[in-house]
Structures are given as C-alpha cells and as structure tokens.
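Step one of this worksheet: look at the structure below.
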Amino acid sequence: MPRETLVMIPPILSDARVFAHQLQVMSQTHAVMVAPATCGERIEEIASQILSWAPSKFALCGMGLGGMVAMEIMRRAPERMTRIAFVSTSPQADTPEAAAAREPHIIAARAGRWDDVLQHEINSTWMAPTTDKVELVRTLTEMGREIGPDVYVKQARAMQRRKDQQATLRQIHLPTVVICGRHDGQYQLKRHEFMAELIPYAQFEIIDAAGYLPTMEAPEATTDAIQRWMKQPMMLRS
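Per full-length UniProt numbering, the sequence shown starts with residue 1, numbered consecutively.
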C-alpha cells in the first residue's frame, strides 16, 4: 500500500525549519512535503500554486498563514484531501482594524526598515513562558532575513485580504485536528476551541508547554499530536 503523503504549509516568514522535528519523525513513515506560502498576494493564488503540484490525494497540515491557505485548499478541492490539520491559525477574516494595523509594517518593509518589521513579527510574548526564547527568536530571525521583505509584503497582503472560512470548516468530513499552544498570544486558546467546534468530529489538541509556535516550542508533543491524527482511519464521516 503506498504511503500517505503529508503536505505541510508554514506560517508567515517561515520555511521548513518551523517543522524540523515533525519532518524528521514523520518522514520515516510517510512521504512529507513542505509547501511555502510565498507565491501570491492572495490566499487563493497561494492555494492554486500548491494544488498545481501537490499529489492527487494528500493529507494537509497548515500553520498560521499556512492554515489559512489550507482552508482555501479544502474549500476548493475537498476531494483531494485525505485529512487536514490546523495549527495556530484562524478561519476568520481580518477585521478592518487588524487589516489597517498591518499597513505600517508593509510600508516599513518597502522602505527598507526590515529590522523593525522582523522585531514586530517575531513577538516573544506570543510564546510560552518556558520556551527558550533567545534560541527560537534567533532561528525565526534567520528565516525572516532569508525570506525577505518582498515575500513578507505578499504574505501580509494575503492575510489582509483573506476571506472568512467558517462555512468551509463546517463542511469538513475528514479526520481533522486543531492544534493550539496553551499560551498562544496570537490566536488564543478560546479561538482554537471555537474553530474545533465548527468542524464535525474534529480532535482538539492543546500543547501545554507552547505558545504560537508549538511545532518549535514543544516539538515532541506536537509531533505526537500529528501522529495521532495521521493514524485515524482515512474515511469520510457523514
């Protein structure tokens, strides 16, 4: 029997390093691919690009911005999904206030004030108190510098313009997990709980020793949650 393929989409200003532990472990039992969310100024464009090269059937795990792209992929091509996971994300559109708050950082990125933008985007207050924040911020900063301001502007625009996907979540009838760090200062525990309640039969996994970045802050616990989800029977539920 062929191995189930797992496609993972990282959050804003991130690459495969955000899933380092999960890739190391999951690749032993599954074909695993990372799909960067870097190729458009709209969620729909990024989703189209990923669908153009992804396998005909695959499991999908999206984190942050990647989770928002995963929702659009699910909305557009549910028949290609075997299961889906959402990590540290939200189905709701930006409020007018949130969209407006992104604008100064987009302007700063275009004006060459990249260090200021990185300092804003890499917010250690969104992490758990027990996280080694110095090391994590260093890794996140490295990723951000390599990805650069041009991609950041595209990603920020995509988040500004994203559509509400709550109706999409209500239509999911696949093995689904919502993963959230207990100390997530970005999307908060209650928001994830609400998201999980929208999805029929969804599992809700809280990672105690993590904030916004559970894949990096508590990699073993997060990988365990992903493995439990991948072991669920691959079947539609009505």
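Built from N, CA and C at the ideal position, the CB exists for glycine as well.
For residue i, which of helix, strand or coil comes out of DSSP?
i           : result
Gly144      : helix
Ala31       : strand
Gly40       : coil
Tyr152      : helix
Gly67       : helix
His183      : coil
Leu213      : coil
residue 239 : Nothing about residue 239 can be reported from this structure: the residues present for the chain run from 1 to 238 only.
Asp208      : coil
Arg75       : helix
Asp94       : coil
Lys231      : coil
Thr168      : helix
Ser14       : coil
Arg157      : helix
Thr89       : coil
Asp115      : helix
How long is the line joining the alpha carbons of residue i and residue j, rounded to whole angstroms?
i      : j      : result
His21  : Ala218 : 10 Å
Lys154 : Leu6   : 25 Å
Gln232 : Arg170 : 19 Å
Ala196 : His105 : 31 Å
Gln188 : Pro149 : 27 Å
Tyr201 : Gln227 : 17 Å
Arg113 : Thr29  : 43 Å
Ile50  : Ile107 : 28 Å
Ala99  : Leu23  : 33 Å
Met234 : Ser27  : 19 Å
Spell out the partners DSSP gives residue i in its beta bridges.
i      : result
Gln203 : Val177
Arg83  : Ala59
Met8   : Val34 and Cys61
Going by the beta-carbon positions, is the gap between residue i and residue j smaller than 7 Å?
i      : j      : result
Gly64  : Ala128 : no
Thr223 : Pro214 : no
Val177 : Trp229 : yes
Arg162 : Met68  : yes
Arg76  : Lys57  : no
Glu205 : Ile172 : no
Ala158 : Ile73  : no
Arg83  : Leu174 : yes
Met71  : Pro96  : no
Ala156 : Arg110 : no
Gly181 : Ile147 : no
Thr139 : Leu118 : no
Ignore the nearest five residues each way along the sequence and tell me which others in residue i's own chain have a CB closer than 7 Å to its CB.
i      : result
Thr125 : Gly185
Met143 : Leu13, Ser14, Asp15 and Arg17
Pro55  : Thr5
Met216 : Val18 and Leu136
Can you list, in chain order, the residues of its chain with a C-beta nearer than 6 Å to that of residue i? Leave out the 5 residues immediately preceding and following it.
i           : result
Val37       : The sequence shown places Ala at residue 37, not Val. So the qualifying residues of the chain are Ile9, Ile46, Leu65, Gly66 and Val69.
Ala85       : Cys61, Val177 and Trp229
residue 248 : The chain is shown from 1 up to 238; residue 248 falls before or after that span and cannot be answered.
Ala31       : Arg3 and Thr5
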